[in-house]
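Protein sequence lines correspond, in order, to chains A and B. Numbered by full-length UniProt numbering, the letters in the first sequence go through residues 1 to 153 in order. Numbered by full-length UniProt numbering, the letters in the second sequence go through residues 1 to 268 in order. Glycine included, each C-beta is placed from N, C-alpha and C at the ideal position. All of these numbers come straight from a predicted model, not from anything done at the bench.
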Amino acid sequence: MAGAKKHGTTQKPSQPPQLKAKTHVPGKSSTKKSSKKPSTTAAIKNDPFARQLNYKPNIDYNRNVVIRIKDITSLSFGTASGILKLTSLNGFLFFLATNIFTSLLTYVVLVGFKNKGTDYFVSPFNDVFVNDVGRYLASYLMMWCLFYALVST
Amino acid sequence: MAAVPELLLDPAIKIWVLLPISIVMVLVGILRNNVTTLFLSPKRTVPNVRLLKEQQHLGLLRTYRRNHHVFISQSDFDEKFDLFKKEYEFDNLMRHYVADPEKLQKLKENPNDFNTVMSDLSSGDMMMQMLKGNLANYIPQTVIMYWVNFFYKNYIVMKLPFNLTNNFKSMLQSSMNMIDLDASYVSAISWYFVNLMGLSSIYALVLNDNEMVTQITQQTTQQQQPAPPTAGGPTVDQLFNSELEGFKITDIKSCFTTIHDRVLEKYQ
Numbered sequence: 001m002a003g004a005k006k007h008g009t010t011q012k013p014s015q016p017p018q019l020k021a022k023t024h025v026p027g028k029s030s031t032k033k034s035s036k037k038p039s040t041t042a043a044i045k046n047d048p049f050a051r052q053l054n055y056k057p058n059i060d061y062n063r064n065v066v067i068r069i070k071d072i073t074s075l076s077f078g079t080a081s082g083i084l085k086l087t088s089l090n091g092f093l094f095f096l097a098t099n100i101f102t103s104l105l106t107y108v109v110l111v112g113f114k115n116k117g118t119d120y121f122v123s124p125f126n127d128v129f130v131n132d133v134g135r136y137l138a139s140y141l142m143m144w145c146l147f148y149a150l151v152s153t
Numbered sequence: 001m002a003a004v005p006e007l008l009l010d011p012a013i014k015i016w017v018l019l020p021i022s023i024v025m026v027l028v029g030i031l032r033n034n035v036t037t038l039f040l041s042p043k044r045t046v047p048n049v050r051l052l053k054e055q056q057h058l059g060l061l062r063t064y065r066r067n068h069h070v071f072i073s074q075s076d077f078d079e080k081f082d083l084f085k086k087e088y089e090f091d092n093l094m095r096h097y098v099a100d101p102e103k104l105q106k107l108k109e110n111p112n113d114f115n116t117v118m119s120d121l122s123s124g125d126m127m128m129q130m131l132k133g134n135l136a137n138y139i140p141q142t143v144i145m146y147w148v149n150f151f152y153k154n155y156i157v158m159k160l161p162f163n164l165t166n167n168f169k170s171m172l173q174s175s176m177n178m179i180d181l182d183a184s185y186v187s188a189i190s191w192y193f194v195n196l197m198g199l200s201s202i203y204a205l206v207l208n209d210n211e212m213v214t215q216i217t218q219q220t221t222q223q224q225q226p227a228p229p230t231a232g233g234p235t236v237d238q239l240f241n242s243e244l245e246g247f248k249i250t251d252i253k254s255c256f257t258t259i260h261d262r263v264l265e266k267y268q
């Protein structure tokens, strides 16, 4: 199992955010193991025990990495739009654009094209793009209002 | 954008109103976090031993049932089931709770009485914990809101960068009787509300603890101790019986049946 996984076996604390493989279980002998390559045998394909087993701490860690990145970016883009004095619809469009852009960039940089998102997240699209949009909008709105008020008066 | 704004705001307002409210809210959030960790974690009282025992025995049964594929065959499973059945029989079970044989006999005749034995063990400290959690959440909110209303009443504080309909006027411009004023000019209490929603990201970054933040912002207290049985609930006997019943009808699917395929696949 350790040989099959390229990521997640070594995580140094000083490194920039890096995702941990979803299935990495140190020191735990599991009865359910899966090969990374798509299995060829039909017997394996329909076998429920050949499915991936998720390791919750790693999943949580990955989700928190994404949340942290999006927290910081939504706050700073809120500041930017306040300083740019964007008003009404422009501001919300700016939020939408920057949010999608950040999500895309997060996905490309952290997951990349070689790996599947499902190696790191339970539902990659939801975890990277959709979840907690309300929270980021609220943070963006707060910084936008604050800096708009600071700049314009 | 009009060259001349319809309302000129004093630049000192932003320094003496907007920033203080934000700073106070961030600090109170951090304080609340610390208070919650201080008051709620170490005061974990020792739960009732009988209750804990019972919960863990039930948990054991459930775990075996959930992981039924570790059994090699049906006969292996049946063997375990017989063992459990013997162990959690009524007599055997009651012996853990009631030492007096006379009382035991009485209980056998009327098993529903057993609830009364258990129910007076219901803990008052769990209520206390929940009360404390709720207080830690609601008191700061109320205090800050009162403070904002008391200090910064009756004047416009900021202009929001987006337009709002006039329906918002009653909420965001309360106690200001200016009918023609644009709704995007708002009073201090609306800045408080914007902060209330937007600060969760800041908390997450400052406290570096996402779990705690969701707990703070969503204002939910989790129940971690097993709930004591209430008077109307099922008796312990019934609980174990239903669990055993479920255990019995479990469909065994051993994970060892296809193990050769998987091993071969792995070392191909």
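Handout entry: CB contact check: Met197 of chain B to chain A, cutoff 7 Å
Key = Reading the second sequence from its first residue, position 197 is the one you call residue 197 of chain B. Met197 of chain B counts as touching chain A.
Exercise for the section: Just the C-alpha distance for Tyr140 of chain A and Lys22 of chain A, rounded to the nearest angstrom, thanks. Expected result: To locate residue 140 of chain A, count along the first sequence from 1; it is residue 140. To locate residue 22 of chain A, count along the first sequence from 1; it is residue 22. The alpha-carbon separation between Tyr140 of chain A and Lys22 of chain A amounts to approximately 30 Å.
Exercise for the section: Tell me, please, whether the CB atom of Asn166 of chain B is closer than 7 Å to any CB atom in chain A? Expected result: Within the second sequence, residue 166 of chain B is the residue found at index 166, counting from 1. No, Asn166 of chain B does not count as interfacial toward chain A.
Handout entry: Interface positions of the region 68 to 85 of chain A facing chain B (Cβ-Cβ less than 9 Å), listed along the chain
Key = Arg68, Lys70, Asp71, Ile72, Ser74, Leu75, Gly78, Ser81, Gly82, Lys85
Problem - Distance between Lys53 of chain B and Met158 of chain B (C-alpha atoms, nearest Å) - result: Reading the second sequence from its first residue, position 158 is the one you call residue 158 of chain B. Reading the second sequence from its first residue, position 53 is the one you call residue 53 of chain B. Near 60 Å, if we compare the C-alpha coordinates of Lys53 of chain B and Met158 of chain B.
Exercise for the section: Label Val128 of chain A either buried or exposed according to how many other C-beta atoms from any shown protein chain fall within 10 Å of its C-beta, with 16 as the threshold for buried. Expected result: Here residue 128 of chain A is taken as the residue at index 128 of the first sequence, counted from 1. Val128 of chain A comes out buried.
Practice task
Counting only the same chain and skipping the five closest in sequence on each side, list residues whose C-beta sits under 8 Å from that of Ser152 of chain A.
Solution key: Along the first sequence, one-based indexing puts residue 152 of chain A at 152. Lys85, listed in sequence order.
Practice task
Work out the CA separation of Pro20 of chain B and Tyr192 of chain B for me, nearest whole Å.
Solution key: Taking the second sequence and counting its residues from 1, one reaches residue 192 of chain B at position 192. Taking the second sequence and counting its residues from 1, one reaches residue 20 of chain B at position 20. About 11 Å.
Handout entry: Backbone secondary structure at Val122 of chain A - three-state DSSP
Key = For the purposes of this step, residue 122 of chain A is taken as the residue at position 122 of the first sequence. It is coil, neither helix nor strand.
Handout entry: Backbone secondary structure at Tyr185 of chain B - three-state DSSP
Key = Your numbering for residue 185 of chain B matches position 185 in the second sequence. Strand, per DSSP.
Practice task
Count the other C-beta atoms from every protein chain shown that fall within 10 angstroms of the C-beta of Phe77 of chain A, then say buried if there are 16 or more, exposed otherwise.
Solution key: Along the first sequence, one-based indexing puts residue 77 of chain A at 77. Looking at its Cβ environment, which holds 16 or more other Cβ atoms inside 10 Å, Phe77 of chain A is buried.
Problem - Straight-line Cα distance separating Asn131 of chain A from Tyr88 of chain B - result: The residue labelled residue 88 of chain B in the question sits at position 88 within the second sequence. The residue labelled residue 131 of chain A in the question sits at position 131 within the first sequence. In a straight line, the C-alpha of Tyr88 of chain B is about 45 Å away from that of Asn131 of chain A.
Practice task
Determine the closest residue to Ser103 of chain A out of A:Pro124, A:Asn58, A:Tyr120, A:Asn115, with distance taken between C-alpha atoms.
Solution key: Here residue 103 of chain A corresponds to residue number 103 of the first sequence, with the count starting at 1. Cα-wise, what sits closest to Ser103 of chain A is A:Pro124.
Practice task
Quick one: using the 10 Å Cβ neighbour count with 16 as the cut-off for buried, is Tyr148 of chain A buried or exposed?
Solution key: Taking the first residue of the first sequence as 1, we reach residue 148 of chain A at position 148. Classification of Tyr148 of chain A: buried, given that the 10 Å Cβ count is 16 or more.
Exercise for the section: Taking a Cβ distance cut-off of 7 Å, strictly less, list which residues of the region 161 to 191 of chain B are near chain A, in chain order. Expected result: Pro161, Phe162, Asn163
Practice task
In angstroms with no decimal places, state the Cα-to-Cα distance between Thr257 of chain B and Phe49 of chain A.
Solution key: In the second sequence, counting from the first residue as 1, residue 257 of chain B sits at position 257. In the first sequence, counting from the first residue as 1, residue 49 of chain A sits at position 49. About 10 Å.
Problem - Cα-Cα separation between Trp144 of chain A and Met130 of chain B, rounded to whole angstroms - result: One-based indexing of the first sequence puts residue 144 of chain A at position 144. One-based indexing of the second sequence puts residue 130 of chain B at position 130. Taking the straight line from one Cα to the other gives about 37 Å.
Exercise for the section: Return the first residue and the last residue of the beta strand (DSSP E) that Lys159 of chain B is part of. Expected result: Taking the second sequence and counting its residues from 1, one reaches residue 159 of chain B at position 159. From DSSP, the beta strand (DSSP E) with Lys159 of chain B extends over 156 to 159.
Problem - Test: Tyr120 of chain A CB closer than 7 Å to a CB of chain B - result: Position 120 of the first sequence, counted from the start, is the residue given in the question as residue 120 of chain A. Chain B, which has no Cβ nearer than 7 Å to the Cβ of Tyr120 of chain A, makes this no.
Exercise for the section: Specify the secondary structure class of Ala138 of chain A as computed by DSSP and reduced to three states. Expected result: As a first step, residue 138 of chain A is located in the first sequence; it is residue number 138 there, counting from the start. If DSSP states are grouped into helix, strand and coil, Ala138 of chain A belongs with the helices.
Problem - Under 8 Å by beta carbon: chain A residues contacting Leu18 of chain B - result: As a working mapping, residue 18 of chain B is identified with position 18 in the second sequence. Neighbours of Leu18 of chain B on chain A, chain order: Leu146, Ala149, Leu150.
Problem - Inter-residue Cα distance where the pair is Lys132 of chain B and Asp82 of chain B - result: Here residue 132 of chain B refers to the residue found at position 132 when the second sequence is read from its first residue. Here residue 82 of chain B refers to the residue found at position 82 when the second sequence is read from its first residue. Near 46 Å, if we compare the C-alpha coordinates of Asp82 of chain B and Lys132 of chain B.
Problem - Neighbour-count burial assignment, Asp119 of chain A, 16 or more Cβ in a 10 Å radius - result: As a first step, residue 119 of chain A is located in the first sequence; it is residue number 119 there, counting from the start. Within a 10 Å sphere around the beta-carbon of Asp119 of chain A sit 16 or more other beta-carbons, which makes this residue buried.
Exercise for the section: State the DSSP-derived secondary structure class of Ser22 of chain B, mapped to helix, strand or coil. Expected result: For the purposes of this step, residue 22 of chain B is taken as residue 22 along the second sequence, with counting starting at 1. Of the three classes helix, strand and coil, the one that applies to Ser22 of chain B here is helix, per DSSP.
Problem - is_contact[Ser139 of chain A, chain B] using C-beta, thresh 7 Å - result: In the first sequence, the residue the question calls residue 139 of chain A occupies position 139. Output row for Ser139 of chain A: interface = yes.
Practice task
Report yes if the C-beta distance between Ser201 of chain B and Asp71 of chain A is below 7 Å; otherwise report no.
Solution key: For the purposes of this step, residue 201 of chain B is taken as residue 201 along the second sequence, with counting starting at 1. For the purposes of this step, residue 71 of chain A is taken as residue 71 along the first sequence, with counting starting at 1. Yes. Within cutoff.
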